[in-house]
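Step one of this worksheet: look at the structure below.
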Amino acid sequence: MGRNNERNIKKHNDKLHKEQDKAKKAAMARKEKLKQITKQFNANKQNEINK
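So the sequence shown is residues 0 to 50, counted in numbering that gives the first Met the number 0.
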């Protein structure tokens, strides 16, 4: 019985895709957080200029 049977390959691919999805979600969350921080910073900067 070989190590590279269909079940093991599927299990490995599922695990790999799960990790990749997790990394993508983390990257998207960081981008969104950065967007919010930037937006808030720009708003505060604009308020300071207007005062």
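Ideal Cβ placement from N, Cα and C applies to all residues, glycine included.
Can you give me the C-alpha to C-alpha distance between residue i and residue j, rounded to a whole angstrom?
i, j, result
"residue 18", "residue 46", "42 Å"
"residue 23", "residue 3", "28 Å"
"residue 20", "residue 34", "21 Å"
"residue 39", "residue 14", "38 Å"
Hey, could you find the ends of the alpha helix (DSSP H) residue i is sitting in?
i, result
"residue 29", "5-49"
Identify, in the order they occur along the chain, each residue of the same chain with its Cβ nearer than 6 Å to the Cβ of residue i, setting aside the five sequence neighbours on each side.
i, result
"residue 5", "none"
"residue 12", "none"
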